[in-house]
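If you read the sequence shown in this note's numbering, its first letter stands for residue 1, the second for the next number, and so on. For each residue, glycine too, the CB sits at the ideal point set by N, CA and C.
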Amino acid sequence: MRGLPRGTDALFSQQIPNTEFTSRPWRIHEFVDDFVLEDVWELPISGGPDDLATLVRYSTSAENTTMSANIVTRELWNLRWRLGGLLGWDSADQQVGKRVASLRDRLPEDLLAATGPDMQQAPFRTVYLTHDEWTAEFSASIGHIVMHQGWVQRADGSYYSQMTALVKTYGIFGKLYMASIRPIRTLVVYPLMFRTMQRQWPEIQRKWAEPQAQ
Numbered sequence: 001m002r003g004l005p006r007g008t009d010a011l012f013s014q015q016i017p018n019t020e021f022t023s024r025p026w027r028i029h030e031f032v033d034d035f036v037l038e039d040v041w042e043l044p045i046s047g048g049p050d051d052l053a054t055l056v057r058y059s060t061s062a063e064n065t066t067m068s069a070n071i072v073t074r075e076l077w078n079l080r081w082r083l084g085g086l087l088g089w090d091s092a093d094q095q096v097g098k099r100v101a102s103l104r105d106r107l108p109e110d111l112l113a114a115t116g117p118d119m120q121q122a123p124f125r126t127v128y129l130t131h132d133e134w135t136a137e138f139s140a141s142i143g144h145i146v147m148h149q150g151w152v153q154r155a156d157g158s159y160y161s162q163m164t165a166l167v168k169t170y171g172i173f174g175k176l177y178m179a180s181i182r183p184i185r186t187l188v189v190y191p192l193m194f195r196t197m198q199r200q201w202p203e204i205q206r207k208w209a210e211p212q213a214q
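Structure representation (structure tokens):
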């Protein structure tokens, strides 16, 4: 199925061909030649042309429950962070700015000015945010991980988020780690997270369409 109709209740989040990302004129292509494209997903949401900002406001907020609403994803994420803490995967010396330079060091002036919020419930830091692109990054002992969300118009005029994962692994451990978690990530974690996002999306649009009052 290509292009979710508005109001669909079924779970149709799907991995889509890498060319859906590589063929589009995203600015991120200018900065990630040394990264490997892991996968590309069509999120099962429908929004308007300005709703990437809505998605980012919610995704970066402390109220984001996409990772925790389902017990399976919640426990898998908790396990990942516990292991990271126990084994030092996420220690300070592994972070962006320590082990690896930030992608922000590669940006031209116009994108340096396109700043956005960092995620409060995951270690991703925004690289840049434009009207139709959001790029965030983090580093651990496995590698330098980049998430890209591109806001894409469907044939019916609605918009969805195209989520792409890119990685530059650190040594053999990073390669083995990414290979070992790929089935869990693509068959369990992502589909369950996206089902949560699909269910929550109408309320997210209502509550997060405008910046929250300070």
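Residue environment, residue i, which counts as buried when at least 16 other CB atoms sit within 10 Å
i	result
Ile236	Nothing can be reported for residue 236, as the shown portion of the chain is limited to 1 through 214.
Ser180	exposed
Val36	exposed
Trp208	buried
Thr8	Only weak support exists for where Thr8 lies, its pLDDT of 39 falling under 50; the value from the coordinates is given anyway. With fewer than 16 other Cβ atoms within 10 Å, it is exposed.
Glu203	exposed
Thr73	buried
Arg57	buried
Thr115	exposed
Ala136	buried
Gln162	buried
Ile71	exposed
Beta bridge counterpart(s) of residue i as assigned by DSSP
i	result
Val100	Val96
Ile16	Val40
Arg27	In DSSP, Arg27 forms no bridge with anything.
Glu133	Gly150
Gly47	Tyr159
Tyr128	Thr135
Supposed contact pair residue j and residue i - C-beta distance, whole angstroms, cut 8 Å
i	j	result
Val167	His144	7 Å
Ala165	Glu30	Wrong, their Cβ atoms sit about 18 Å apart, outside the cutoff.
Gln15	Asn64	With 8 Å as the limit, Gln15 and Asn64 do not qualify as a contact, their Cβ atoms being about 22 Å apart.
Pro133	Arg206	The sequence shown places Glu at residue 133, not Pro. So it is not a contact: roughly 24 Å between Cβ atoms.
Any chain B beta carbon closer than 8 Å to residue i
i	result
Lys168	No chain B is present in this structure, which holds just one protein chain.
- Task: Output the residue ranges of the beta strand (DSSP E) runs that lie fully inside the region 137-173 and measure 3 residues or longer, sorted by chain position.
- Result: 143-153 and 159-169
- Task: Count the CB pairs spanning the region 185-200 and the region 40-52 that are closer than 8 Å, and state whether there are at least three.
- Result: yes
- Message: Under 8 Å: do the region 50-64 and the region 175-189 share three or more Cβ pairs, one atom per stretch?
- Response: no
- Message: With a threshold of 8 Å, are at least 3 pairs of Cβ atoms found where one atom belongs to the region 98-110 and the other to the region 14-22?
- Response: no
- Task: Examine the Cβ distances between the region 157-165 and the region 70-88 and report whether three or more of them are shorter than 8 Å.
- Result: no
- At 4 residues or longer, and completely inside the region 167-207: list those alpha helix (DSSP H) runs for me, N to C. 171-184
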